[in-house]
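Counting from 14, one number per residue, gives the positions in the sequence shown under the numbering used here.
See structure below.
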Amino acid sequence: MVPSAGKTETPRDRRGGAGARAAGWLTRRRLAVMAGALAVAVIIVVGCAYPLQFPPAPLLARETAAGFVRAYDTNADRRADYFTIQDASGRIVRIGYSATGAPSPTDFVNLDEIPAANCRHVVLILDGIGYDAVEAFRQEGRLRLFHAPARLISTFPSMTDLALTDAFRGVTCVGYEVVYFDRATNAVVGGDADYMGLKNESWVGNLAYRAGTLMDPLSYLYPDAIFEKELGDFKKVFDRRDRTDVAAYFVGTAGLATRQGAEGQRKVLEAVDRLVEELVQKTRGLVKVTAFSDHGHMLVRCDRVDFRKYLQDAGWRVADRLEKPRDVVPVEYGILTYASFATHDRADLVATLLQHPGVDLVVYGEPEAVAVEKPGAKALVERRGGRYRYRAPAGDPLGLAPVLEKMRADGLLDADGFAADADWFDRTLTHTYPDAPDRLWRAFNGLAEHVPDVVASLKDGYCAGSSSRAFWLPYVASTHGDLERKSSTAFIMSTAGPLLEPGRGLRHRDVPALMERLTRRPWPPPAEGKPK
């Protein structure tokens, strides 16, 4: 999500005109002044010292009879005092200490022999870090305190609040974002005040740490500084030793991915690797760490589509209320790879959107189904109990025909063409559109209190959102929100134990049961008011 640093656009601002443009210019000037002042404040607060003390590289690394050993100097005396030992799979299973400066450890800790019940459990929630980035980094020999990561499939749209509400068993979101169209009032509702007040983030109450929401817009302007501040602040929370479960959310990781793409994600993973090594080293292994994300990222630079202008040019009346048959209300907030709309004429709006080169597919709800269309192709997703059917009367917009054929051959379809939800999930985990039947169905049935009439999932290189956010982010190296695999595939991994069998995945609403299995403690952690 990319909130603005200032006031929400009013309906008068959205309608356009010279007055609105002048007001927008004045607002942007005020925002620029405020952002500059906040940037100075951030620099002062963050300071010059990097918050992580664990060495970025070992003094030496070598294969031994006991396993692959790395030796570190953690007190800057140029002598090795801390050692990690990897097993045949490459995972760190033992740590060693040398208080005398001896070239080999004199005191060992076997990490797997420490029960999770004896340890604090740290949960690091890294906004916007995709599975592919984590797996590639791990293949370089990093993040080796963790067991192998698993794919964690996000919601559709692939959004922070929607996914983390599932992961924390939170209160259902008011909308896909904090700005949404309310049919009861026939108006766009919500904005920056609601965002800053965490209206759509019930899950935050279960955290031990989340930066103040004023840091969120700054994380997209100064992502390195904000992430470093978050790391330092989190360490202070951990060092208070006032709770056994320490869940922390980092927004700076989203800023790094959005502004710097794959390079930014690598910075995050390098820091997380050092942070976890530091926590394990200083607690003598008495900490278990689980890390996961809310969604992935496209990792492709994108240009914003001005859907207001596009629809006006196509003969639609872009409005703030639905009064006439050809009225359409774009629901815009963050800079994302999906766009949502309210309208009375869904069929015509779908046809118009599909003519835009940046639109991959369009989705909308029907009385007993969710429809998905591409040019010349339409399919219906239908649900019966815990089973889904994908019926394509024209074409195959999701490319699921080969999956259906294999499921039919394996005897997974019933007489009416429905298959179990779990089978759909397993068979589409790495598909172009992972877990599409369930994600599309939930998008219009239970994911949020207020849902749009039409949702467009965009292609690589395109994004949408409000003009005020576009002003702050003239260059977007990556973002998220669409149905496609890269944007939809988050990750989860833990030092507490293996997660799943190789090749298996899970959804965010599966996280609570997984956490309880790993730690033998209730999930989510008890709500203790606003995080520190």
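Each residue gets a CB set at the ideal place from its N, CA and C atoms; glycine is no exception.
Going by C-alpha distance, which of the options is nearest residue i?
| i | options | result |
| --- | --- | --- |
| Arg498 | Pro128, Ala432, Ser167 and His160 | Ser167 |
| Lys337 | Trp216, Gly328 and Asp125 | Gly328 |
| Thr445 | Ala130, Glu345, Leu519 and Leu496 | Leu496 |
| Lys295 | Ala540, Ala407 and Leu65 | Leu65 |
| Pro410 | Pro450, Ser117 and Val187 | Pro450 |
| Val313 | Ala332, Leu413, Thr350 and Asp434 | Thr350 |
| Ala79 | Arg452, Ile108 and Ser215 | Ile108 |
| Glu462 | Leu413, Asp174, Met420 and Leu335 | Asp174 |
| Glu290 | Phe67, Pro535 and Pro537 | Phe67 |
| Arg91 | Leu73, Glu190, Ala101 and Thr77 | Leu73 |
| Gly378 | Asp448, Ala360, Gly389 and Pro388 | Ala360 |
| Ala275 | Ala149, Pro487 and Arg455 | Ala149 |
| Asp333 | Arg404, Arg196, Gly516 and Glu126 | Arg196 |
DSSP puts residue i in a beta bridge; with which residues?
| i | result |
| --- | --- |
| Leu158 | DSSP lists no partner for Leu158. |
| His134 | Asp258 and Lys301 |
| Ala84 | Leu73 and Phe96 |
| Tyr110 | Tyr95 and Asp120 |
| Arg404 | Leu393 |
| Leu220 | DSSP output for Leu220 lists no bridge partner at all. |
| Ile105 | Gln99 |
| Lys387 | Ala390 |
| Ser353 | Val344 and Val468 |
| Glu379 | Ala382 |
Helix, strand or coil: how does DSSP classify residue i here?
| i | result |
| --- | --- |
| Pro537 | coil |
| Asn123 | strand |
| Ile239 | helix |
| Pro230 | helix |
| Leu335 | coil |
| Asp316 | strand |
| Gly518 | strand |
| Met420 | helix |
| Ala414 | helix |
| Leu39 | Low per-residue confidence applies at Leu39: pLDDT is 39, beneath 50, and the placement is therefore not dependable enough to give any value. |
| Lys322 | helix |
| Leu374 | strand |
| Asp195 | strand |
| Tyr144 | helix |
| Leu471 | strand |
| Leu65 | coil |
| Ser479 | coil |
| Phe547 | Look at the range of the chain in this structure, 14 to 545, and you will see that residue 547 is not part of it. |
| Ala115 | coil |
| Ala78 | coil |
| Lys253 | According to the sequence provided, residue 253 is Arg. The question's Lys does not apply to it. Correct three-state label for Arg253: coil. |
| Arg272 | helix |
| Ala456 | helix |
| Gly183 | coil |
Would the beta-carbon of residue i fall within 7 Å of that of residue j?
| i | j | result |
| --- | --- | --- |
| Gly268 | Thr502 | no |
| Val147 | Phe504 | yes |
| Tyr262 | Arg223 | yes |
| Val344 | Phe484 | no |
| Ala352 | Ala469 | yes |
| Ala355 | Asp466 | yes |
| Pro69 | Met506 | no |
| Asp358 | Leu471 | no |
| Ser491 | Ala270 | yes |
| Ser232 | Gly494 | no |
| Asp436 | Gly399 | no |
| Gly510 | Leu531 | yes |
| Pro71 | Ala84 | yes |
| Val187 | Ser215 | no |
| Val376 | Leu453 | yes |
| Val96 | Thr508 | One point to set straight first is that residue 96 is Phe, not Val, in the sequence displayed. For Phe96 and Thr508, no; Cβs fall outside 7 Å. |
| Ile547 | Val82 | Residue numbering for the chain in the displayed model covers 14 to 545; residue 547 lies beyond these limits and cannot be assessed. |
| Met420 | Ala432 | yes |
| Cys132 | Leu282 | no |
| Ile105 | Arg157 | yes |
| Ala540 | Gly103 | no |
| Ala407 | Ala390 | yes |
| Asp140 | Thr266 | yes |
| Ala260 | Pro538 | yes |
| Val192 | Asn213 | no |
Would you check whether the ligand GDP has a heavy atom nearer than 6 Å to the C-beta of residue i?
| i | result |
| --- | --- |
| Ile348 | Although the ligand GDP was asked about, the structure shown includes no ligands whatsoever. |
Using beta carbons (cut-off 7 Å, strictly below), is residue i in contact with chain B?
| i | result |
| --- | --- |
| Pro380 | You won't find chain B in this structure, because it holds only one protein chain. |
Q. Are at least three pairs of beta-carbons, each pair with one atom in the segment 318 to 325 and one in the segment 170 to 186, less than 8 Å apart?
A. no
Q.
Could you check whether the segment 303 to 315 touches the segment 127 to 137, counting it as contact only if at least three pairs of C-beta atoms, one from each stretch, sit closer than 8 Å?
A. yes
Q) Counting Cβ pairs closer than 8 Å, one from the segment 184 to 204 and one from the segment 229 to 238, do we hit at least three? A) no
(Q) I want to know whether the segment 364 to 375 touches the segment 464 to 483 - three or more CB-CB distances under 8 Å. (A) yes
Q.
For the structure I just gave you, are there three or more beta carbon pairs, one from the segment 377 to 397 and one from the segment 519 to 529, closer than 8 Å?
A. no
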